[in-house]
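What follows is a set of notes on a single structure, which appears directly below.
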Amino acid sequence: MTAFVDETRIKVRGGDGGAGVVAFRREKFVPKGGPAGGDGGDGGSVILRADEGLSTLLDFRYRHDYQAPAGERGGSKDKYGRKGQDLLLRVPAGTEVYDQASGDLLADLRADGERFVVARGGKGGRGNIHFATSTDRAPRRAEPGQPGEERAIRLELKLLADVGLVGFPNVGKSSLIARISAARPKIADYPFTTLIPNLGMVRLSDDRSFVVADVPGLIPGAHQGAGLGHRFLRHLERTRVLVHMLDLTSIPGRTPLRDYQALRRELALYDPDLAGRPEVVVLNKVDLTATHKKLPALQQLFAKRGLTLLGVSAATGKGIKDLLAALWTALERAKAAGGQGRTIGHETAP
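Heads up: take any position in the sequence shown, counting from 1, add 532, and you land on the numbering used here.
If you want it as C-alpha cells, here you go:
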C-alpha cells in the first residue's frame, strides 16, 4: 500500500538567466560590422500543479531540493539563448503551500490542474546589441543573467471531502466507508486500525454523489496530539458535514452520549468552526442484540438534546439507506448555506 504523507518541506529554485554576449559582426564585405551579441535565455520556473489523481505527498519524502534548468547563454550573430524549461511538480489537490521562513500561505491548490509558480526563473541578460548608441557604436558590455528565485516551502495536504467520519477507535468507521463506497480500508477488531485517512466516492444516482473521508479514531486530548492527534484533524477542515459514529462499549465511564460530547469537545478545542458544522449522529452495530435493544432509549436520550440518533449496521447494511438520505439532505442544506466542501452532484462547491 502506498505510504500516506500529508506534510513535507522542500527547497525550490528557479533557473538562472543566461548571460548576454559581447560579439561583433565579422562578415565578408562588411568591414565595420556592428554589435551582434544576443540575449541570454530566461531561466525556467518551478511550478506546482494540483493533480486529483494523487492522494499523498510521498514523492517529496526522499528528495527535498528542486531546481529548474538555467537559460542558455546568448550567442553571436544576434542569436538569443534558449529559455530554460519549467520544472513542473505535481501535488495532490487540496495541497496548501506555505513559505517556511514567514509562515505565510502562498497558495491553496484545490482544483485539478490549478497551478502556482513557486519560484520564478531569472531573467536572461542583454547582449551588446542593446547598448549601441550614436557615440558608442561598438559597445563592449553585456549583462549577466539574473539568479532564479529561491524559496524554502512547506507543503501541507488537507483532504477534499464533503463528509467526514469521526469517532473513537474501533467504532466501525472503516466498515462504514467500505459499505457505502468503493474504498477498501484495512478493517480489524482492534483500536487504531485506520492509521491514514481514507477517501471514498458515494454514488446515490447518476447525478448525486459525494466524497466521504474516514480519519483515524480520536481520543480525548487529540487536539493536543494525543493518539494520532491533530495530524489528521486538519483533514476535516474542508468537510461540509460531520458524521459522529458511536457504539456501545464495555469501557467504564464511556457511553454513546459521553463519547459524542467528548468528540465535539475535541473538535471545538482544535477548531471552533468544526464544532459548528452540520452533523449526523449514528449508532453503529445495531445488528448486535444488546445494541438493538438499547437503541430506542438512546434515541430518546439524544432527542432530549435536540439530536436525531440514527441506528445502522455497517456489517449488514441495516439503516444505511436512511443514513445516506440524511447525509444528502445535510449536504444540500450546507451547500445552500455556503459551507465547506468540494462537490455535490455535478456542481462545484465554493
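The beta carbon of each residue, even a glycine, is placed where N, CA and C say it ideally should be.
Practice problem: Helix, strand or coil for Asp631, going by three-state DSSP, please let me know. | Solution: For the purposes of this step, residue 631 is taken as residue 99 along the sequence shown, with counting starting at 1. Strand.
Quiz item: Under the three-state reduction of DSSP, which class applies to Ile579: helix, strand or coil?
Solution: For the purposes of this step, residue 579 is taken as the residue at position 47 of the sequence shown. In this structure, Ile579 counts as strand in the three-state DSSP scheme.
Quiz prompt | Buried or exposed by the 16-neighbour rule on C-beta atoms within 10 Å, applied to Ile542 | solution = Looking up residue 542 in the sequence shown gives position 10. With 16 or more other Cβ atoms within 10 Å, it is buried.
Self-check item: Beta-carbon proximity of Leu833 to Val813, cut-off 8 Å
Solution: Within the sequence shown, the letter at position 301 stands for residue 833. Within the sequence shown, the letter at position 281 stands for residue 813. No; because the gap between Cβ atoms is not below 8 Å, this pair is not in contact.
Exercise. For Val818, I'd like the list of residues in its chain whose CB is within less than 7 Å of its CB, leaving aside the five on either flank, ordered along the chain.
Key: In the sequence shown, residue 818 corresponds to position 286, counting from 1. Taking C-beta separations shorter than 7 Å and ignoring five residues to either side along the sequence, the partners of Val818 in its chain run His824, Leu827, Gly843, Val844, Ser845, Lys850 and Gly851, following chain order.
Exercise. Tell me, to the nearest whole angstrom, how far the beta carbon of Gly607 is from that of Leu692; I am working on the premise that it is less than 8 Å.
Key: Taking the sequence shown and counting its residues from 1, the one referred to as residue 607 is at position 75. Taking the sequence shown and counting its residues from 1, the one referred to as residue 692 is at position 160. That pair is no contact at about 48 Å.
Quiz item: Who pairs with Leu778 in a beta bridge, going by DSSP?
Solution: Numbered from its first residue, the sequence shown carries residue 778 at position 246. Residue pairing by DSSP places Leu778 opposite Leu815 in a beta bridge.
Quiz item: Can the beta-carbon of Gly572 be found less than 8 Å from the beta-carbon of Gly657?
Solution: Locating residue 572 in the sequence shown gives position 40, counting from the first residue. Locating residue 657 in the sequence shown gives position 125, counting from the first residue. It is a contact, given that the beta carbons lie within the stated cut-off.
Exercise. Using a threshold of 8 Å, state whether the C-beta atoms of Gly552 and Gly603 are closer than that.
Key: Numbered from 1 along the sequence shown, position 20 holds the residue referred to as residue 552. Numbered from 1 along the sequence shown, position 71 holds the residue referred to as residue 603. Contact flag unset, no.
Practice problem: Please report the residue range of the alpha helix (DSSP H) in which Ala835 lies. | Solution: Numbered from its first residue, the sequence shown carries residue 835 at position 303. Residues Thr821 to Ala835.
Exercise. Indicate whether Gly570 and Lys615 have their beta-carbon atoms separated by less than 8 Å.
Key: Translated into positions along the sequence shown, residue 570 becomes position 38. Translated into positions along the sequence shown, residue 615 becomes position 83. No, the Cβ-Cβ distance between Gly570 and Lys615 is not below 8 Å.
Exercise. Can you give me the Cβ contacts of Pro804 inside the same chain, cut-off strictly under 6 Å, excluding the 5 residues immediately before and after it?
Key: Mapped onto the sequence shown, residue 804 falls at position 272. Residues of the same chain with a CB within less than 6 Å of the CB of Pro804, apart from the 5 flanking positions on each side, do not exist.
Quiz prompt | Inter-residue Cα distance where the pair is Pro784 and Ser587 | solution = Here residue 784 corresponds to residue number 252 of the sequence shown, with the count starting at 1. Here residue 587 corresponds to residue number 55 of the sequence shown, with the count starting at 1. Using only the alpha carbons, I get a separation of about 38 Å.
Practice problem: Return the CA-CA distance between Leu820 and Ala868, expressed in angstroms with no decimal places. | Solution: Stepping through the sequence shown from its first residue, residue 820 is reached at position 288. Stepping through the sequence shown from its first residue, residue 868 is reached at position 336. Using only the alpha carbons, I get a separation of about 38 Å.
Quiz prompt | Helix, strand or coil at Thr771 according to DSSP, with G and I counted as helix | solution = Your numbering for residue 771 matches position 239 in the sequence shown. In the structure shown, Thr771 adopts coil according to DSSP, grouped into three states.
Exercise. Would you kindly work out how many angstroms separate the C-alpha atoms of Phe648 and Tyr630, rounded to a whole number?
Key: The residue you call residue 648 lines up with position 116 of the sequence shown. The residue you call residue 630 lines up with position 98 of the sequence shown. About 12 Å.
Quiz item: Near Gly753, what residues of its chain come up, given a Cβ to Cβ distance below 7 Å and the 5 sequence neighbours on each side ignored?
Solution: The count along the sequence shown starts at 1 and reaches residue 753 at position 221. For Gly753, the predicted model reports a pLDDT of 48, less than 50, meaning its position is unreliable and no value from the coordinates is stated.
Self-check item: Strand pairing of Tyr598, partner residues [DSSP]
Solution: For the purposes of this step, residue 598 is taken as residue 66 along the sequence shown, with counting starting at 1. DSSP lists Val544 as partners of Tyr598.
Exercise. Write down the C-beta distance between Gly654 and Gly549 rounded to the nearest angstrom, noting that I regard them as a contact closer than 8 Å.
Key: Residue 654 sits at position 122 when you count from the first residue of the sequence shown. Residue 549 sits at position 17 when you count from the first residue of the sequence shown. Confirmed, about 4 Å.
Exercise. Return the chain-ordered list of same chain residues with a C-beta closer than 8 Å to the C-beta of Arg558, the five sequence neighbours on each side being excluded.
Key: For this step, residue 558 is matched to residue 26 along the sequence shown. Contacts found: Gly565.
Self-check item: Selection from Thr665, Ser666, Asp668 and Gly575 that minimises the alpha carbon distance to Ala651
Solution: On the sequence shown, position 119 is the one that residue 651 refers to. When only C-alpha atoms are compared, the closest one is Gly575.
Quiz item: Ends of the alpha helix (DSSP H) at Leu795?
Solution: For the purposes of this step, residue 795 is identified with residue 263 of the sequence shown, where counting begins at 1. Pro788 to Tyr802 is the span of the alpha helix (DSSP H), which, as asked, contains Leu795.
Quiz item: Do the CB positions of Arg595 and Arg622 come within less than 8 Å of each other?
Solution: Residue 595 sits at position 63 when you count from the first residue of the sequence shown. Residue 622 sits at position 90 when you count from the first residue of the sequence shown. Pairing Arg595 with Arg622 gives a Cβ-Cβ distance that is not under 8 Å.
Self-check item: Beta-carbon proximity of Leu903 to Glu798, cut-off 8 Å
Solution: A question about residue 903 goes unanswered here, because the residues of the chain that appear run from 533 up to 882.
Exercise. Please confirm whether Phe742 and Asp791 have their CB atoms less than 8 Å apart.
Key: For the purposes of this step, residue 742 is taken as the residue at position 210 of the sequence shown. For the purposes of this step, residue 791 is taken as the residue at position 259 of the sequence shown. No, Cβ-Cβ distance for Phe742 and Asp791 is not below 8 Å.
Self-check item: Assigned secondary structure, Ile783 (DSSP; H/G/I helix, E/B strand, else coil)
Solution: Here residue 783 refers to the residue found at position 251 when the sequence shown is read from its first residue. Three-state result, Ile783: coil.
Practice problem: Taking only runs that begin and end inside the segment 630-705, name each unbroken alpha helix (DSSP H) of 4 or more residues, in chain order. | Solution: Fully enclosed alpha helix (DSSP H) runs of 4 or longer: not present.
Exercise. Out of Pro624, Leu765 and Leu641, state which residue places its alpha-carbon closest to the alpha-carbon of Leu801.
Key: Counted from its first residue, the sequence shown places residue 801 at position 269. Scanning Pro624, Leu765 and Leu641 for the CA closest to the CA of Leu801 turns up Leu765.
Quiz item: Given that a residue counts as buried once 16 or more other Cβ atoms are within 10 Å of its Cβ, and exposed if not, what is Lys771?
Solution: Start at 1 with the first residue of the sequence shown, and residue 771 comes out as number 239. One point to set straight first is that residue 771 is Thr, not Lys, in the sequence displayed. It counts as buried.
Self-check item: Any non-hydrogen atom of the ligand SAH within 7 Å of Thr771 CB
Solution: Inclusion of the ligand SAH in the displayed structure is not the case, the ligand content being empty and no account of it being possible.
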